[in-house]
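**Student:** One structure coming up, written as structure tokens, with questions to follow.
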Amino acid sequence: MRDVEEKASFPAFDREAQLFEMSTAQLRVALDHVVLDGLRPVAVGLGILYLVMAYTHTYLDPAVARILVPVALLTALILGGLRFFLVRWDIPPRYAHLVGMAIAGLSLLNGLLLLALTREPLFTTYLMLVLMGGGFLLLSTPWVLVLIGMTFLGWGYVVGLAPDNSWKQYGLALFLAAVLSVVIHSVRLRTYRKLTRLHFNDQARRNELQHRTLQLETLITVNNSINTILDIDQLLHDVVTEIHQRFAYYYVGIFLVESGGDYVVARAGTGSVGRQLAEAGFRLRVGREGLIGWVAQHQQPLRVNNVALDSRYVKVEALSKTQAELVLPLKVNSNFLGVLDVHAERVDAFTEKDVQVLSALAEQIAAALHNAFLYQVEHSRRLLSERLYEVSRALSQTLDLHRVLNLILDSLAQLVSFDRGAVLLARDGILEMVAARGFPSGINPLQIQVSIKEDDVFQQIYQTQVPLMIPEILERKDWQQLDGLPQTRAWVGVPLINVEDKVIGMLSLAREVPVPYTENEVELAMTFAGQAAVALRNASLYSELALAYKQLERLDRTKSDFITVASHELRTPLSLIKGFSQLLREDLTVEVIPEYCQIVNGICNGVERLQEIVDRMVDIAEIDSRALRLHLINVSLKSLLSVIVDTFQAALRERHLTLTVASLETLPSIEADPEALQKVFSHLIVNAIKYTPDGGKIVISARQVAPGVYGMDDGGVEIVVRDTGIGIDPDYHNTIFLKFYQTGQIALHSSGATKFKGGGPGLGLAIVRGIVEAHRGQVWVESPGHDEVTCPGSAFHVVLPLSQKYMNELV
Ligand code: ADP
1423 MRDVEEKASF PAFDREAQLF EMSTAQLRVA LDHVVLDGLR PVAVGLGILY
1473 LVMAYTHTYL DPAVARILVP VALLTALILG GLRFFLVRWD IPPRYAHLVG
1523 MAIAGLSLLN GLLLLALTRE PLFTTYLMLV LMGGGFLLLS TPWVLVLIGM
1573 TFLGWGYVVG LAPDNSWKQY GLALFLAAVL SVVIHSVRLR TYRKLTRLHF
1623 NDQARRNELQ HRTLQLETLI TVNNSINTIL DIDQLLHDVV TEIHQRFAYY
1673 YVGIFLVESG GDYVVARAGT GSVGRQLAEA GFRLRVGREG LIGWVAQHQQ
1723 PLRVNNVALD SRYVKVEALS KTQAELVLPL KVNSNFLGVL DVHAERVDAF
1773 TEKDVQVLSA LAEQIAAALH NAFLYQVEHS RRLLSERLYE VSRALSQTLD
1823 LHRVLNLILD SLAQLVSFDR GAVLLARDGI LEMVAARGFP SGINPLQIQV
1873 SIKEDDVFQQ IYQTQVPLMI PEILERKDWQ QLDGLPQTRA WVGVPLINVE
1923 DKVIGMLSLA REVPVPYTEN EVELAMTFAG QAAVALRNAS LYSELALAYK
1973 QLERLDRTKS DFITVASHEL RTPLSLIKGF SQLLREDLTV EVIPEYCQIV
2023 NGICNGVERL QEIVDRMVDI AEIDSRALRL HLINVSLKSL LSVIVDTFQA
2073 ALRERHLTLT VASLETLPSI EADPEALQKV FSHLIVNAIK YTPDGGKIVI
2123 SARQVAPGVY GMDDGGVEIV VRDTGIGIDP DYHNTIFLKF YQTGQIALHS
2173 SGATKFKGGG PGLGLAIVRG IVEAHRGQVW VESPGHDEVT CPGSAFHVVL
2223 PLSQKYMNEL V
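Numbering (my numbering), first residue to last: 1423 to 2233.
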């Protein structure tokens, strides 16, 4: 409530020039008030006086008394009535002197009547009293003079009726009384004038003080409230509303400088005008347009107390009542942020003090704004890293291109405001939309295709490879506005660049209001465009990979099928050849001819070797087709190994190699398929023999492995076949376990299985791994490298679990 009163009183007091200067009219009103205040007591006092007079008149000559007593009573009655009237009704002060004159006139009439009826000059004193009383009551010189004039006229008339010498003295006395009346009147008038002025000044000062207090209060409230607001739009809105309400200005607005510094843009304003200006992105060129443009350039306050007289002023239709304008720069240190724009409906509305107070306010607004900007930068940085993290996670987790691109647009929408966003890919002269956001529901943006025209925006982006920003689309003649979409006003297109540094498409962001994109926003868009390019690359890589993988898979299957078929098909004729060559060998006719014997032995050896190879192929085919069936029993590795080692004695001797098997006494038996394990160790020993030069050493050692080690719950055993051979390059430690991988020379393949570097089909280690892994074991090789001179040697480790009790559950 207080606010309303104070605001209402502003216009009367906020003018410095009027502040201590009272107008004649105001003074007259004030004096009328004084007279008005005096009327009631005067009416009462005189009323009583006339009652008394009515009584004293009874002592007069009865003929005279008969007239004067009723007249005095009537006068008392009139005065009593007047008093009653004055109490009941508030008469306007401008009638105060008239009423005062009426009272004086009534008294004058009584006096003249008394004088005329009694012809007693002494009663002139009565008129003298009336004169002095009038001079006292009335505070208007003309009325006092009228009263004096009337008195003299009346007195002169009465004297004229019966001239007498003694009247002369009374005339002099009356004259003196008139002089005295004038003196009384003027002294009183002067006193009252001074008093009234003093009172007026005091009131004005008090009002001025109140005004300043209010301004200071506003400063404090605005300061308190804005410093905690970190949302810039909210902050600006609160500030303009607060100033508008507190100071009752016609319009308050805030303009902020645009990133390029060429324009200031309306960001907040009071009333619907303010909202409209902000929404329409109303902007003024710095240094060129309006008082605001001037302040934005000179960065100092500007007070224009009559806009009509200022050539810089640009009239805004919606603010047609503006008469005076105060524009203050919003600056933090030397950092110019924008302007505070205050309009008033009166000429000369802004005093020097207003400029001071509002400048202080502008400083605070600028500081708060600066804080909010900093916060926003920090906040958007955080948001950016969060969004980027989200996008990159999606990039690494999903190959769903559509999902990733949509996520990119969604994330970008949280950092940059746009009404429509799209990712477009260029293909055969056409831009295809592959992701979109913000399109009207009736439109399927993924069906939108735009043909690329010469020199259009995409061509420009394609050639320059940098983003293209259009602050106002309406100014671009070549803009292709798509049917069914609201008119784009501000736009930015960011190129999508692939690994070969070619523009493959663009990220397009459109606004329906002409608020241009800032550099910062374009940078953000570029970051996300980069992500979109990665997503597109991933997607194409993935489809290429998927294709290659499919081809590989098909190849591998063909190979396995081939092995399966071939090995089975080979086995039948092989056993035939084997049987017949065996018959030949035992045939007596062949035995006697040594050449035949040699040929038949050759056939038999070849068949043996072929059998071996086919067996291996069948093994690997079984492993590949997961048809390997283990016949699990308790196997003692000690006896298993000694049997295997025995089969190689001849080969070892031939190659002058020593094979030692460490003590395996304490080794527990394991649950395994002995036939399969035999293959494992045979292959490893064959390889050790093959890749160790003559005179080398092969050592087989074994140890028990504690539960938990190598992921075996019950523990197991580790067997190591170590040789002093040519070793294996660490680069091949894994590949040698793949089927058909061998480093042996093809030329030596026909040579014996245990010849130095004798070839094999490259299946041995693949079978080893297949069988070991079927036992839930592990196999690997350790070797410092391959060197046929120094022979660093190799060590093949085979780890097998003690039991296979989880086997069935696992398979
Ligand atoms: P291959 O039938 O050729 O012996 P393997 O699968 O048994 O096929 O072995 C694959 C390759 O691993 C061999 O060609 C050889 O180069 C290498 N290799 C295997 N064992 C040894 C070893 N003990 N010392 C050196 N190289 C070996």
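Glycine included, every Cβ here is placed at the ideal spot set by N, Cα and C.
When we look at the beta-carbon of Lys2161 and count the other beta-carbons within 10 Å, is it buried (16 or more) or exposed?
**Tutor:** Lys2161 comes out buried.
**Student:** Mind checking whether His2105 and Val2211 have CB atoms under 8 angstroms apart?
**Tutor:** The answer is no: Cβ separation not under 8 angstroms.
**Student:** Assign Thr1692 to buried or exposed, taking buried as 16 or more other Cβ atoms, counted over all protein chains shown, within 10 Å of its Cβ.
**Tutor:** Buried, since its Cβ has 16 or more Cβ neighbours within 10 Å.
**Student:** Sort Thr1980, Gly2138, Glu2030 by Cα distance to Gln2004 and report the nearest one.
**Tutor:** Taking only the C-alpha atoms, the option nearest Gln2004 is Glu2030.
**Student:** With 16 other CB atoms within 10 Å as the buried threshold, where does His1659 fall?
**Tutor:** Label assigned to His1659: buried.
**Student:** How is Asp1923 classed by DSSP in three states: helix, strand or coil?
**Tutor:** Note: Asp1923 maps to coil in three-state DSSP.
**Student:** Look at the alpha carbon of Gly1726 and the alpha carbon of Gln1625, and state the distance between them as a whole number of angstroms.
**Tutor:** According to the sequence shown, residue 1726 is Val rather than Gly. Near 29 angstroms, if we compare the C-alpha coordinates of Gln1625 and Val1726.
**Student:** Taking 7 angstroms as the cut-off, does the CB of Gly2149 come closer than this to any heavy atom belonging to the ligand ADP?
**Tutor:** Yes.
**Student:** Quick check on Leu1611: does DSSP put it in helix, strand or coil?
**Tutor:** Correct three-state label for Leu1611: helix.
**Student:** Which same chain residues end up closer than 7 angstroms to Val1736 when comparing Cβ atoms and leaving out the 5 residues on each side of it in sequence?
**Tutor:** Cβ neighbours of Val1736 beyond the five flanking positions: Glu1711, Gly1712.
**Student:** When every heavy atom of the ligand ADP is checked, does at least one fall within less than 7 angstroms of the C-beta of Ala2110?
**Tutor:** Yes, the beta carbon of Ala2110 sits closer than 7 angstroms to at least one heavy atom of the ligand ADP.
**Student:** Are the Cβ atoms of Ala1954 and Leu1827 separated by less than 8 angstroms?
**Tutor:** Cβ atoms of Ala1954 and Leu1827: closer than 8 angstroms.
**Student:** Three or more C-beta pairs under 8 angstroms: does that hold for the stretch 1662-1679 against the stretch 1808-1825?
**Tutor:** Because the criterion of three Cβ pairs below 8 angstroms is not met, the stretch 1662-1679 and the stretch 1808-1825 do not touch.
**Student:** By the three-class DSSP mapping on this structure, what secondary structure does Ser2173 have?
**Tutor:** Residue placement at Ser2173 is flagged as unreliable, the pLDDT there being 45, under the threshold of 50; the coordinate-derived value follows with that caveat. Of the three classes helix, strand and coil, the one that applies to Ser2173 here is coil, per DSSP.
**Student:** Go through its chain and collect everything with a Cβ distance to Leu1946's Cβ below 6 angstroms, but skip five positions before and after it.
**Tutor:** If we look at Leu1946 and ignore the five residues flanking it on each side, its Cβ neighbours are Leu1837, Val1838.
**Student:** Is any non-hydrogen atom of the ligand ADP found closer than 7 angstroms to the C-beta of Tyr2018, if you look at the structure I gave you?
**Tutor:** No, the beta carbon of Tyr2018 sits no closer than 7 angstroms to any heavy atom of the ligand ADP.
**Student:** Counting only the same chain and skipping the five closest in sequence on each side, list residues whose C-beta sits under 8 angstroms from that of Trp1577.
**Tutor:** Leu1534, Leu1537, Thr1546, Leu1549, Gly1593, Leu1596.
**Student:** Express the C-alpha separation of Asp2145 and Lys2179 in angstroms, rounding to a whole number.
**Tutor:** So the alpha carbons of these two residues sit roughly 14 angstroms apart.
**Student:** Tell me, please, which residues DSSP counts as bridged to Gln2200.
**Tutor:** Gln2200 pairs with Val2221.
**Student:** Just reading off the beta strand (DSSP E) that Val1552 is part of, what are its end residues?
**Tutor:** Element bounds for Val1552: not the beta strand (DSSP E) but the alpha helix (DSSP H), 1546-1559.
**Student:** Please report the residue range of the beta strand (DSSP E) in which Met1891 lies.
**Tutor:** Element bounds for Met1891: 1890-1892.
**Student:** Whole angstroms is fine: what's the gap from Ser1962's alpha carbon to Thr1663's?
**Tutor:** Whole-angstrom Cα-Cα distance: 55 angstroms.
**Student:** Going by the beta-carbon positions, is the gap between Leu2063 and Asp2095 smaller than 8 angstroms?
**Tutor:** The answer is no: Cβ separation not under 8 angstroms.
**Student:** Exposed or buried, what is Leu1783 when buried is set at 16 or more other beta-carbons lying within 10 Å of its beta-carbon?
**Tutor:** Leu1783 is buried by the Cβ-count criterion.
**Student:** Buried or exposed: Glu1747, going by 16 or more other Cβ atoms within 10 Å of its Cβ?
**Tutor:** Buried: at least 16 other Cβ atoms inside 10 Å.
**Student:** Please report the straight-line C-alpha distance between Arg1768 and Thr1744, rounded to a whole angstrom.
**Tutor:** Going by the C-alpha atoms only, they are around 7 angstroms apart.
**Student:** How many angstroms separate the CA atom of Pro1463 from the CA atom of Val1457?
**Tutor:** Approximately 11 angstroms, taken between the alpha carbons.
**Student:** Measuring only from the beta carbon, is Leu1376 closer than 7 angstroms to any heavy atom that is part of the ligand ADP?
**Tutor:** Outside the modelled stretch of the chain, which goes from 1423 to 2233, sits residue 1376, for which no answer is possible.
**Student:** Under 8 angstroms, with one C-beta from each stretch per pair, do the stretch 1624-1642 and the stretch 1571-1589 reach the 3-pair mark?
**Tutor:** No contact exists between the stretch 1624-1642 and the stretch 1571-1589.
**Student:** Quick check on Glu1966: does DSSP put it in helix, strand or coil?
**Tutor:** Of the three classes helix, strand and coil, the one that applies to Glu1966 here is helix, per DSSP.
**Student:** Spatial neighbours of Val1695 within its chain, please: CB distance less than 7 angstroms, with the 5 preceding and 5 following residues excluded, ordered by chain position.
**Tutor:** Taken in chain order, the residues that qualify are Tyr1673, Ala1740, Leu1741.
**Student:** When the Cβ atoms of the stretch 1902-1915 are set against those of the stretch 1804-1814, are three or more pairs found closer than 8 angstroms?
**Tutor:** Judged by Cβ distances under 8 angstroms, the stretch 1902-1915 makes no contact with the stretch 1804-1814, as fewer than three pairs qualify.
**Student:** Note the first and the last residue of the continuous beta strand (DSSP E) segment covering Asn1757.
**Tutor:** From DSSP, the beta strand (DSSP E) with Asn1757 extends over 1757-1766.
**Student:** With burial defined as no fewer than 16 other Cβ atoms inside 10 Å of the residue's Cβ, what is the status of Leu1609: buried or exposed?
**Tutor:** Here the sequence assigns Val to residue 1609, which means Leu is not the residue at that position. By the neighbour-count rule (16 or more Cβ atoms within 10 Å), Val1609 is not buried but exposed.
**Student:** Buried or exposed, going by whether 16 or more other CB atoms sit within 10 Å of the CB of Val1601?
**Tutor:** Answer is exposed; the Cβ neighbour count stays below 16.
**Student:** From Arg2125 to Glu2097, what distance separates their C-alpha atoms?
**Tutor:** Answer to the nearest angstrom: the Cα atoms are 21 angstroms apart.
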